[in-house]
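Residue numbers (the working numbering), protein chains in the order written: chain X, 1 to 779; chain D, 780 to 980. Glycine included, every Cβ here is placed at the ideal spot set by N, Cα and C. Okay, structure first, notes after.
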Amino acid sequence: MIPSGPHIPQPRADALAKALGAERYALDTAPADCLWAGAYRPGAVPGPSFGVAHGRVRSVDVSAALAVPGVVRVLTAVDVPGTNRQGIVHKDQPVLCDVVRHAGDPVALVLAESASALRLGLAALRADIEPLPAVFDPELALKKNAPLLHPQHKGGNLLLRAVIAKGDARSALKSAPVVVRGAFSTPVQEHAFLEPQCGWAQMLPGGLHMTVSTQSPFRDRFEIGHALGLNPFSIRIVAPYLGGGFGGKDGSTVQCLLGLAALNSDGRPVRMAWDREESILAGYKRHAVRLRYALGAERDGTLVALSCRLVFDTGAYAHLGGEVMELSMEHAGGPYRIPHVRVEGRCVYTNNPVAGAFRGFGVAQVSPAFEGLMDELAAALGMDPLALRRKNALGPGDVNTSGVAVTSSSHLPECLDLAAAHPLWTGRDEWRKAAPPFTLRGVGLAAVFNGMGYGRGLADMAIAKLEMTETGGFLVYNAVADMGQGNASAFALLAAQELNQEQAAIGLVQPDTERCHPSGSSSAGRTTYTFGNALVRACAAMRRKLLARAAMALLVDDLDALELIPGAVRHKATGKALPLAVMARFLTRDDRVCVAEALMPVAQNPPATGKDFVIGFPHLLFAYAAHLARVEVDELTGRVRVCDYAAITDGGRVLNRQGFDQQAQGGAAQGIGYALFEDFRLSAGVIKTRDLSTYLIPTALDLPDIESLAAEGFEETGPHGLKGVGEVGMNGPAPAIAAALSDALGVRLRDLPFTPERVLAAVKSGRNKSGRNKGGKRA
Amino acid sequence: MKLSFHLNGTPVALDTAPDRRALDVLREDLRALPGHGHTARGAGEADEGRAALDVKEGCGTGECGVCSILVDGEHKLACLMLAAQLEGRRVTTAAGLGAPGRPHAVQRAFAEMGAVQCGFCTPGMEIAAAALLARNPAPTRAEARRALSGNLCRCTGYVKIVDAVLAAAAMLRAERAAPCETYESGEACESGEAGAGEGGK
Chain X
1 MIPSGPHIPQ PRADALAKAL GAERYALDTA PADCLWAGAY RPGAVPGPSF GVAHGRVRSV
61 DVSAALAVPG VVRVLTAVDV PGTNRQGIVH KDQPVLCDVV RHAGDPVALV LAESASALRL
121 GLAALRADIE PLPAVFDPEL ALKKNAPLLH PQHKGGNLLL RAVIAKGDAR SALKSAPVVV
181 RGAFSTPVQE HAFLEPQCGW AQMLPGGLHM TVSTQSPFRD RFEIGHALGL NPFSIRIVAP
241 YLGGGFGGKD GSTVQCLLGL AALNSDGRPV RMAWDREESI LAGYKRHAVR LRYALGAERD
301 GTLVALSCRL VFDTGAYAHL GGEVMELSME HAGGPYRIPH VRVEGRCVYT NNPVAGAFRG
361 FGVAQVSPAF EGLMDELAAA LGMDPLALRR KNALGPGDVN TSGVAVTSSS HLPECLDLAA
421 AHPLWTGRDE WRKAAPPFTL RGVGLAAVFN GMGYGRGLAD MAIAKLEMTE TGGFLVYNAV
481 ADMGQGNASA FALLAAQELN QEQAAIGLVQ PDTERCHPSG SSSAGRTTYT FGNALVRACA
541 AMRRKLLARA AMALLVDDLD ALELIPGAVR HKATGKALPL AVMARFLTRD DRVCVAEALM
601 PVAQNPPATG KDFVIGFPHL LFAYAAHLAR VEVDELTGRV RVCDYAAITD GGRVLNRQGF
661 DQQAQGGAAQ GIGYALFEDF RLSAGVIKTR DLSTYLIPTA LDLPDIESLA AEGFEETGPH
721 GLKGVGEVGM NGPAPAIAAA LSDALGVRLR DLPFTPERVL AAVKSGRNKS GRNKGGKRA
Chain D
780 MKLSFHLNGT PVALDTAPDR RALDVLREDL RALPGHGHTA RGAGEADEGR AALDVKEGCG
840 TGECGVCSIL VDGEHKLACL MLAAQLEGRR VTTAAGLGAP GRPHAVQRAF AEMGAVQCGF
900 CTPGMEIAAA ALLARNPAPT RAEARRALSG NLCRCTGYVK IVDAVLAAAA MLRAERAAPC
960 ETYESGEACE SGEAGAGEGG K
């Protein structure tokens, strides 16, 4: 066990540089003499192939583009060396296509001397594409004669089908006294990070060098190497602070295209920056999911059985579709004890945009379904919805819906107790009754969770490097990209505590595959936990080393007689101190470096189910949360306002309260957008919401002052007791707001987002009912 | 055209197309002017010249506010302005809000109050905040939210950004009441922070 350090309320190490406008992001460091590279996506731009979401490229006419002054090169699929296939798990996505499988697929890459030449060059390109039959509905894509996206894939359009089963859900549902059922749907969500995908690259004598906005610098080398036929170890990726990621920069976005451009730029650096429209057209999205649920319980509210079927639209390429579905299925039953469970998932290729990782990775999609049915069950039983959850909440010693024993720190019951005592909950009746004219009010609750780490089947490993500088300070070589979540600052804080140094003595190096060690992606709520554990070990090794070296100089034969103090090693008894700045001078560089790794523990004796998953099943560690939402509905317009919101989070021990609150508030904000505003529109594979005035993310006027509370615990395996809290906050708002709307309208909305149109229809149908909706149905 | 304007207090002059986006003038064209001697951090080692790389591009169509600048003290979007519109103007970017080594109250408050996460919206958000505080030294939370509503943030949920704007307002009021020499060390100004929570909902 790692001893607990003090709480340190401290601004993040990166905050001031960013506030001063001094921080440099991937595109800011692009040299002035860069060429500009851009992709031609014929299905997405005006021209004869607009709207073609599936088609064979007969030819690309590059002559007019090459005639544009300033256009240097135009490349097509035949120019791609290597496999021309990218992808994190399945390599099925071309860098440049000879068959387009969604309307945003690229068929050519233009290199130009300037942004304006690039624009003219792209506009002058013409592709001759033979349209092929396309399919945009995942259930239709599974029909017999559906057009096939990847004819060589042996499952047809079915990327992956999987089952998680425990007990006998079918008979348990049959015999359960109370059963509630429902069909739900969740939409595509756009990450809308404010820094669109971008980077720059150059071929240097040693190989390809790329500075890029990425969550996965180490894995990128292999994706680029595979696609372009390069030795991955000849590729150097530098990952400065990202201007947001949220999963959308996990895996290759610009990387393979940029690498291809650099291979064809005669040694000149080349930059690629997607504009907002291209970011939306070509970026990865949150999977849209259709969910059919049945949940059975005893009359006292004890859950007995869950059966559900989920269908995922992964779009044209696998990306992380199977892995997202795995998380969905593992979380499909909610953070509850349910003895009999059957979850079936199908992840399906369609000619829609590519879906991938997004904060709450599959869990955000199932949360409105399991919590929706918990509310309907409470209504059917005449039980308080919070009491129903409290009764079934997972706690230490329980077994979760996937059959994994809860052995780690888990404080959902405490989250719910804090919710039960919260004024938003205790005052809900009064508040509802005080609704102004033409306004309906409701209060909703949701209990959610989110697994941490990659799960069983692949090493969730990080390797931390720590260097004492020549002047006696320390450098932490952060190897997990910081997309804004503040992991780099958390590492500086951990190192300062572990080494007993002033914060100012700790410097940070951002991920660079040449200077840091492979530590996985910035994802899965694993970042601070895994690398943090490795760093704690590297700090321990450094401390031992410094005490041992100082012992020689101080003529001490007992290391316990020495201690590390800010800037020095001190002999406790005499107070004699050897400054680190002096020690640094007699240590060689090699000797000033400590490297240590950490591996996230996985579930031992995994349940005999979920065998269809290649990797990632099951998870061992979870963060939990209870969310409360107060909403007001305008009866005349259907507009919903979230008036008050509280997120109560169990993330283990809180290392830095400010960072913890940032994650809780930011996650909830994205979740509120997902629930109410973010209405991603597709028509036959063509994106209709191509900018931020049609795809609406919350502004400062759309959100309340989201309150963040901690149900603090201590995770024995975590650095200083912490767990990852990056994802769980995303999962609460959709179910909490659905519950609040149901409370206000007497009707449950089951299809996200809850747009004014849908809400207005629900207001009208609610008026036609005499009382509150009784969603429950007896078997 | 020959274009001259003041960027963060110092004059700049360059030759550029009049219909060039102001954002491209600031981020790209000013690279060609001799800079302050510092180069970019990281592996790029690009000479930044006078480029205002703190001005970011988030959408290019006036929807996100990331490229916010002050033009003669007014909050504008650099992606919607043309080069010629900068002629003779005083342009302030986030980096120019404070003096070197002396962060502006807005910058200090953003850093201290946790208003910065990925930091990409931060420079533009600070410009919007500074413009608000110039016309309203004691905004309420609701007024701050309205003033920031043209600037999108995808990380924070805005709570700590609003906190920071009110804290900055309090710092500036205290500073005005008792101007202090060592603003950067902050000691004489700490009292200003006591007012951080006022104007709450």
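R585/X: first and last residue of the uninterrupted alpha helix (DSSP H) it sits in = 580 to 586
Measure the alpha-carbon distance for S693/X versus R276/X and round it to whole angstroms.
-> 11 Å
For L865/D, collect the residues of the same chain with a Cβ closer than 6 Å to its Cβ; drop the 5 residues on either side in sequence, then sort them by chain order.
-> F784, A801
Buried versus exposed, by CB contacts within 10 Å (16 or more), S213/X | buried
Do L701/X and R955/D have their C-beta atoms closer together than 8 Å?
-> no
So which residues of chain D does F193/X contact, with C-beta pairs closer than 8 Å?
-> C897, F899, R933
Residue ranges of each beta strand (DSSP E) run of no fewer than 3 residues wholly in the segment 481 to 520 of chain X, ordered along the chain?
-> 506 to 509
Hey, does I648/X have any beta-carbon neighbour from chain D nearer than 8 Å?
-> no
Contact under 8 Å by Cβ, A711/X with H411/X | yes
Can you grab the Cα-Cα spacing for the pair T469/X / L475/X, in whole Å?
-> 7 Å
Show which residues of chain X have a CB atom less than 7 Å away from the CB atom of L832/D.
-> R24, D28
Give a yes or no on whether 8 Å exceeds the smallest Cβ distance from C843/D to chain X.
-> yes
Name the chain D residues whose beta carbon is nearer than 8 Å to that of Y241/X?
-> C897, G898
Can you give me the Cβ contacts of P756/X inside the same chain, cut-off strictly under 7 Å, excluding the 5 residues immediately before and after it?
-> T637, G638, R639
Would you say A538/X reaches chain D, if we count a Cβ-Cβ gap shorter than 8 Å as a contact?
-> no
Proximal chain X residues relative to L873/D, where beta-carbon distance stays under 7 Å | A small fix is needed here, since residue 873/D is Ala in this sequence, not Leu. Within 7 Å Cβ-Cβ: G21.
Tell me, to the nearest whole angstrom, how far the beta carbon of A316/X is from that of V354/X; I am working on the premise that it is less than 8 Å.
-> 6 Å
If you run the structure through DSSP and keep just helix, strand and coil, what is I224/X?
-> helix
Interface partners of P92/X on chain D, CB under 8 Å | Residue 92/X is actually Asp in this sequence, not Pro. Neighbours of D92/X on chain D: none; closest Cβ ~29 Å, over 8 Å.
Contacts that A890/D makes with chain X (C-beta to C-beta distance below 7 Å) = P11, A15, L16, A19
Out of L856/D, R829/D, G828/D, which has the shortest C-alpha to C-alpha gap to T840/D?
-> L856/D
Give the straight-line distance between the Cα atoms of P339/X and G247/X, rounded to the nearest whole angstrom.
-> 33 Å
Boundaries of the alpha helix (DSSP H) in which N392/X is found, first to last residue = 385 to 392
Nearest-angstrom Cα separation, counted from A380/X out to C198/X | 51 Å
So who's on the other strand from K781/D, going by DSSP bridges?
-> D794/D
Contacts that L927/D makes with chain X (C-beta to C-beta distance below 7 Å) | A700
Neighbouring residues, chain D, relative to A669/X (Cβ below 9 Å) | C932, R933, C934, T935, G936, Y937, V938
Is K781/D close to chain X, meaning its C-beta is less than 8 Å from at least one C-beta of that chain?
-> no
For C594/X, the residue or residues it bridges with in DSSP | L466/X
Around the Cβ of F586/X, are there at least 16 other Cβ atoms within 10 angstroms (buried) or fewer (exposed)?
-> exposed
Does any residue of chain X bring its CB to less than 8 Å from the CB of P797/D?
-> no
Establish whether the CB of D826/D and some CB of chain X are separated by less than 8 Å.
-> yes
What residues of chain X sit near C846/D, judged by a beta carbon separation below 7 Å?
-> Result: empty, since nearest Cβ-Cβ is about 11 Å, beyond 7 Å.
Run through DSSP, which three-state label would H102/X get?
-> coil
Can you pull the DSSP bridge partners for R570/X?
-> E563/X, A577/X
Taking D300/X as part of the alpha helix (DSSP H), name the residues at either end of that continuous run.
-> Where D300/X is concerned, there is no enclosing alpha helix (DSSP H), given that its DSSP letter is neither H nor E.
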